[in-house]
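First the structure, in the form of structure tokens, and then the observations on it.
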Amino acid sequence: MKVAMVGNPNVGKTTILNRLTGESHAVGNYPGTTVEVLTGRAKIDGTDVEFVDLPGIYSLDSFSRDEQIVKEFLTHERPDLILLVMSAASVERGIYLALRLSHLAIPMVIALNMVDEARRAGLEVDAGQLEGLLGVPVVSTVAVSGEGMDELRRAIASGGRVPKVMAEGEDEALNLAEELARRVTSAIGERATSSPDVVFTDTLLGIPVFLAVMWLVFRVTYDVASPFVDLIEVLLDTAKASLAGYQHLAVRVLSDGVITGVGSVLIFLPNIFFLFAAISFLELTGFLPRAVIALDGVMSRFGLVGRSTVPLMLGFGCNVPAVMATRSIEDERSRKITILVLPFISCSARLPIYVLLSSALFPGFESMAIMFLYLLGMAVALTSALVLRKTVFGGEPDYVMEIPPLRWPSLRDVWTLSWGRTRHFLVKAGTVILAMSVVLWYLTSFPSDSVESSYAGMIGKAISPLFSPFGWDWRVAVAVVAGFVAKEVVVETLGIVSEGSIAGMLTQPQALALMVFTLLYVPCFATIATIKAEEGWKFAAFTAAYTTVVAYLLAYVVYALVEVVM
52 MKVAMVGNPN
62 VGKTTILNRL
72 TGESHAVGNY
82 PGTTVEVLTG
92 RAKIDGTDVE
102 FVDLPGIYSL
112 DSFSRDEQIV
122 KEFLTHERPD
132 LILLVMSAAS
142 VERGIYLALR
152 LSHLAIPMVI
162 ALNMVDEARR
172 AGLEVDAGQL
182 EGLLGVPVVS
192 TVAVSGEGMD
202 ELRRAIASGG
212 RVPKVMAEGE
222 DEALNLAEEL
232 ARRVTSAIGE
242 RATSSPDVVF
252 TDTLLGIPVF
262 LAVMWLVFRV
272 TYDVASPFVD
282 LIEVLLDTAK
292 ASLAGYQHLA
302 VRVLSDGVIT
312 GVGSVLIFLP
322 NIFFLFAAIS
332 FLELTGFLPR
342 AVIALDGVMS
352 RFGLVGRSTV
362 PLMLGFGCNV
372 PAVMATRSIE
382 DERSRKITIL
392 VLPFISCSAR
402 LPIYVLLSSA
412 LFPGFESMAI
422 MFLYLLGMAV
432 ALTSALVLRK
442 TVFGGEPDYV
452 MEIPPLRWPS
462 LRDVWTLSWG
472 RTRHFLVKAG
482 TVILAMSVVL
492 WYLTSFPSDS
502 VESSYAGMIG
512 KAISPLFSPF
522 GWDWRVAVAV
532 VAGFVAKEVV
542 VETLGIVSEG
552 SIAGMLTQPQ
562 ALALMVFTLL
572 YVPCFATIAT
582 IKAEEGWKFA
592 AFTAAYTTVV
602 AYLLAYVVYA
612 LVEVVM
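Under our numbering, the final residue of the sequence shown carries the number 617; numbering is consecutive throughout.
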């Protein structure tokens, strides 16, 4: 039995999927969390059920790529059942989608989710009356707590029913949805605007609050992670010391290649995990979308649309799902602008570079240096969006952003989201970075044991004139080139070629220029491959060239200014 899970963005489809299947797909408290089709399996009343969690949509009009994906799946795959998830706090939108889906004549079950939030908002939805009006089973649920899941399983096992109510055209569907929502919804209390919303979404108050919260995030990320970083460093040193007396080639590869290379990246695992945990908490509470609303006036002036928000937020974790999330942007020009500026949003892979260089050359000011880089990336993204909107891509952007409710997230959801992102980092450490460690060991060990006389040294000296304006020598040049594969490799390469003395290899202006360059230059190969899959090779090549040129120019400006000041 194949069940297609359909619903508006941010109504809890993925949470219900996790409840029904026992899996742990990432959930979020902002529209567009599901950026691709998710699947899961469960046995219900002896029947094997395959659930397909489709991206959130508002209609089947095919204006956005998400709507196209859902429409094509429903019309071509013809699932046995549609599980329509709607929020009890915005039931009119859910009814409208149900009316649009009714023309497909596919049996349906409705999960009326988030009834607890509706009650807190002073609303009560009569599930029984809604079931009678639409002619399909309706089950009230609270997915985060598991309430209603057993009844929902029974409704799914029953096979659902084809909706008996249909509407011809969008206008009729809108009017009928409004009428039905009014009939099944009643007020049970006075609804008040959440007082935090007044602060979080106001431009004058919200932006300072956002900056203060982000500074606290970076401070906590650095301070809380510090003991764990020290522990990993001790373990790595112990492992290397235990192999110090062996000269066998395989042992050298393990010690100088794998442990030194992968270890130089893994040492920042605690920083990355705690950053993800903090960002995940802010996402799930609904704070980050409100911060975006506070920045609305700034963003719209710079040519970004409301639906650019989710990709930009995802970009702080990884640019790959962020690029995929641009599918929800209906306007092609706005989508391409968003993809082009996404690499300027600092992903987690760059964090080890910032921590390494700021700790070595800006002791005591690590949090300020890291926050400066994140804000610089955002500023460059906004400025680039404005330039691109005024030159390459014309037209005026719209701004539509659904504000999710403020929620206190469960520890399970925070853990699932932050661990899922950290696991991606670990997988990369065990594959791409491990392979690069062996390659770098070979390049730095042959034909001579001297790094400067090795193949890596030869490559670095050949390309170092390109980076002479920043005062970098061949060692930094090698690290920058290695970063084209994955940004984590920059740290690994610096650890090898510097022979443990970063502070002796770079001055403060050179280090700051390097941090700015690695923040902005061409994203990793995986991101470029994703852009190619979404928009083609020409656009991917243009993105790589554009970001690298911007990085080069700004890194030089920063280097020159700091050199003069210091």
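Cβ coordinates follow ideal geometry from the N, Cα and C atoms, glycine included.
Measuring only the C-alpha atoms, how far is residue i from residue j?
i: M422; j: L134; result: 43 Å
i: G73; j: A93; result: 8 Å
i: V176; j: E586; result: 43 Å
i: D167; j: V103; result: 25 Å
i: Y81; j: A276; result: With a pLDDT of only 47 at Y81, under the threshold of 50, the placement of this residue in the model should not be trusted; the figure read from the coordinates follows. Cα to Cα, Y81 sits roughly 27 Å from A276.
i: I310; j: A564; result: 28 Å
i: P340; j: V374; result: 18 Å
i: G210; j: I582; result: 40 Å
i: S315; j: Y610; result: 26 Å
i: W459; j: A328; result: 14 Å
i: V304; j: F497; result: 12 Å
i: S504; j: V616; result: 36 Å
i: N20; j: A533; result: With the chain running from 52 to 617 in the structure shown, residue 20 is simply not present.
i: A232; j: S191; result: 15 Å
i: P394; j: V490; result: 26 Å
i: A591; j: R384; result: 15 Å
i: R129; j: L155; result: 9 Å
i: T482; j: W523; result: 29 Å
i: G308; j: A295; result: 13 Å
i: V249; j: T578; result: 37 Å
i: S237; j: D281; result: 57 Å
i: A149; j: C398; result: 38 Å
i: V431; j: V600; result: 13 Å
i: I108; j: N59; result: 5 Å
i: A513; j: V541; result: 18 Å
i: E284; j: S306; result: 14 Å
i: A537; j: S410; result: 21 Å
Whose C-alpha, out of the options, is nearest the C-alpha of residue i?
i: S552; options: L494, F568, L407 and W588; result: L407
i: D464; options: F332, P520 and F325; result: F332
i: A507; options: L335, V531 and N164; result: V531
i: N61; options: Q119, T90, D131 and V142; result: V142
i: V392; options: T192, M429 and D281; result: M429
i: A436; options: C369, T360 and V260; result: T360
i: N370; options: M265, T389, G296 and F261; result: T389
i: P574; options: L148, G555 and A595; result: A595
i: I120; options: V88, L132, R171 and V136; result: V88
i: Y147; options: I258, L326, V57 and E614; result: V57
i: A162; options: A156, R171, L155 and A140; result: A140
i: W266; options: E221, A577, Q559 and S418; result: S418
i: V264; options: L286, E334 and D281; result: E334
i: L545; options: V443, V527 and R205; result: V527
i: M52; options: R70, I67, K64 and E101; result: E101
i: M364; options: P414, Y425, A224 and K387; result: Y425
i: R472; options: P414, I330, G415 and R440; result: I330
i: P106; options: A602, Y405, I380 and G368; result: I380
Around the Cβ of residue i, are there at least 16 other Cβ atoms within 10 angstroms (buried) or fewer (exposed)?
i: D117; result: buried
i: A292; result: exposed
i: Q561; result: buried
i: T289; result: exposed
i: G97; result: exposed
i: A606; result: buried
i: P455; result: buried
i: T495; result: buried
i: V302; result: exposed
i: I239; result: exposed
i: K387; result: buried
i: P259; result: exposed
How close, in whole Å, do the beta carbons of residue i and residue j come, if the pair is a contact with beta carbons under 8 Å?
i: R151; j: S110; result: 5 Å
i: A469; j: V195; result: One point to set straight first is that residue 469 is Ser, not Ala, in the sequence displayed. Actually they are not in contact, since the Cβ atoms of S469 and V195 sit about 17 Å apart, beyond 8 Å.
i: M350; j: L433; result: 7 Å
i: L557; j: L412; result: 6 Å
i: T252; j: A172; result: The Cβ separation is near 17 Å, so there is no contact.
i: F124; j: A55; result: 7 Å
i: R401; j: T272; result: No, R401 and T272 are not in contact; Cβ-Cβ is about 13 Å, not under 8 Å.
With 8 Å set as the bound, which would you pick, yes or no: does the beta-carbon of residue i sit closer than that to a beta-carbon of chain B?
i: A436; result: Looking at the structure shown, chain B is missing, and only one protein chain is on hand.
Requested in this report: Give, in chain order, every unbroken run of the alpha helix (DSSP H) that is at least 4 residues long and sits entirely within the segment 301-328.
Outcome: The segment 301-328 contains these whole alpha helix (DSSP H) runs: 311-317.
Enumerated in chain order, which unbroken segments of the alpha helix (DSSP H) with a length of 4 residues or greater are wholly contained in the segment 406-489?
Counting whole runs of 4 or more residues, the segment 406-489 contains the alpha helix (DSSP H) stretches 417-441 and 462-481.
Could I get the ranges of all uninterrupted alpha helix (DSSP H) runs contained in the segment 106-188, with 4 residues as the minimum, in chain order?
-> Qualifying alpha helix (DSSP H) stretches, in chain order: 116-128, 142-152, 166-171 and 178-185.
Alpha helix (DSSP H) runs contained entirely in the segment 204-248, provided each spans 4 or more residues
For secondary structure counted as the alpha helix (DSSP H) over 4 or more consecutive residues, the segment 204-248 holds these complete runs in sequence order: 220-235.
Contained alpha helix (DSSP H) runs [length at least 4] in the segment 554-597, N- to C-terminal order: Within the segment 554-597, complete alpha helix (DSSP H) segments of at least 4 residues are found at 559-571 and 576-586, given in chain order.
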